[in-house]
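In our numbering, the protein residues as written are 2 to 215.
We put the beta carbon where it would ideally sit given N, CA and C, even for glycine.
Bear in mind the structure is a predicted one, so any value in this text is a computation, not a measurement.
One structure below.
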Amino acid sequence: MLESLGPLTGSPWIYAVVALSVLLDVFLPVLPSGVLVITAATAAAAGSTAGGAGVAGAGVQREVPSLLVLLLCAATASVLGDLFAYRLARRGGARFDRAIARSRRLTRAQERLGIALGRGGGALVVIARFAPAGRSVVSLGAGAAQRKIKEFLPWSALAGLIWAGYSVGLGWFGGQWLGASWIGAAVSVLALFGAGLLAAYVMRRPAQAGRPAA
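In structure tokens form, the structure reads like this:
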């Protein structure tokens, strides 16, 4: 994995590629944005274990990504993508309402999101950031439900920061402990998918679980 992406992870373009992938995967959840973040962080671990600011390859010193810049790019792009989806659904009006009504999953998520945000808590937004397509469901659902931006945006920012920090941390520690190779990156990616499966399980719990007892 690292070998095939080596020229990209050794270039400043890695930040733009990561940011664009994270920004767009709210609409195209199949984009491997998490995998890209982990791979770039693993490359940074390679630079650290090499004992310098760069990684030598074929006699050429290659720069490695900065963890801080990588984290900020991923977190910022995550929030901007959420906000764009939220605004799009909010302005979509009746069209998005009809689309949500046709999907049991979207309807259930919108209901739970409304309850959570109405109580002043948005843990669901953070959890959904890790679930497959959960980010899309929550961002579009919040916009279609006409939730206030002050109710949604702070939780979106927290979700983006936690997700980016978790992904960067997985790549870094996986590279440190298991070596900056495809094995370290693969184990880190599996850990990210594991968090996604857990988040998906939590989101699939019945909406009544979030209701107060009558």
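Would you check if the segment 170-179 and the segment 35-45 touch, i.e. whether three or more CB-CB distances between them fall below 8 Å? yes
With DSSP as the reference, label Val31 as helix, strand or coil. Sequence index remark: in the sequence shown, residue 31 carries index 30 (1-based). Looking at Val31 - three-state DSSP - the assignment turns out to be coil, as it is neither helix nor strand.
Inspect the beta-carbon positions of Leu24 and Ala78 and report whether they are closer than 8 Å. The residue you call residue 24 lines up with position 23 of the sequence shown. The residue you call residue 78 lines up with position 77 of the sequence shown. Going by C-beta atoms, Leu24 is nearer than 8 Å to Ala78.
Can you check whether the CB of Ser140 is closer than 8 Å to the CB of Gly35? The sequence position of residue 35 within the sequence shown is 34, counting from 1. The sequence position of residue 140 within the sequence shown is 139, counting from 1. It is not a contact, given that the beta carbons lie outside the stated cut-off.
When the Cα atoms are used, what is the spatial distance from Leu89 to Ala45? Within the sequence shown, the letter at position 88 stands for residue 89. Within the sequence shown, the letter at position 44 stands for residue 45. Cα to Cα, Leu89 sits roughly 36 Å from Ala45.
Can you tell me the Cα-Cα spacing of Gly82 and Leu21, whole angstroms? For this step, residue 82 is matched to residue 81 along the sequence shown. For this step, residue 21 is matched to residue 20 along the sequence shown. C-alpha separation (whole angstroms): 9 Å.
Does the structure place the segment 64-73 close enough to the segment 192-201 that three or more beta carbon pairs sit under 8 Å? no
Under a Cβ-count criterion, where at least 16 other Cβ atoms within 10 Å of its own Cβ denotes burial, should Ala75 be classed as buried or exposed? The sequence position of residue 75 within the sequence shown is 74, counting from 1. Burial call: buried.
Local Cβ density within 10 Å of Phe131, reported as buried at 16 or more and exposed below that: Along the sequence shown, read from residue 1 onward, the residue named residue 131 stands at position 130. Buried, because 16 or more other Cβ atoms sit within 10 Å of the Cβ of Phe131.
Could you tell me the distance, in whole angstroms, from the CA atom of Leu125 to the CA atom of Val70? Walking along the sequence shown from the start, residue 125 turns up at place 124. Walking along the sequence shown from the start, residue 70 turns up at place 69. The straight-line gap from Cα to Cα measures roughly 27 Å.
With the cut-off set at 8 Å, would you say Leu72 and Gly176 are in Cβ contact? Locating residue 72 in the sequence shown gives position 71, counting from the first residue. Locating residue 176 in the sequence shown gives position 175, counting from the first residue. Cβ atoms of Leu72 and Gly176: not closer than 8 Å.
Does the beta-carbon of Ala200 have 16 or more other beta-carbons within 10 angstroms, so that it is buried, or is it exposed? Stepping through the sequence shown from its first residue, residue 200 is reached at position 199. When all chains shown are included, Ala200 counts as buried.
What three-state label does DSSP hand Phe131 in the structure shown? In the sequence shown, residue 131 corresponds to position 130, counting from 1. The answer is coil: DSSP assigns Phe131 none of H, G, I, E or B.
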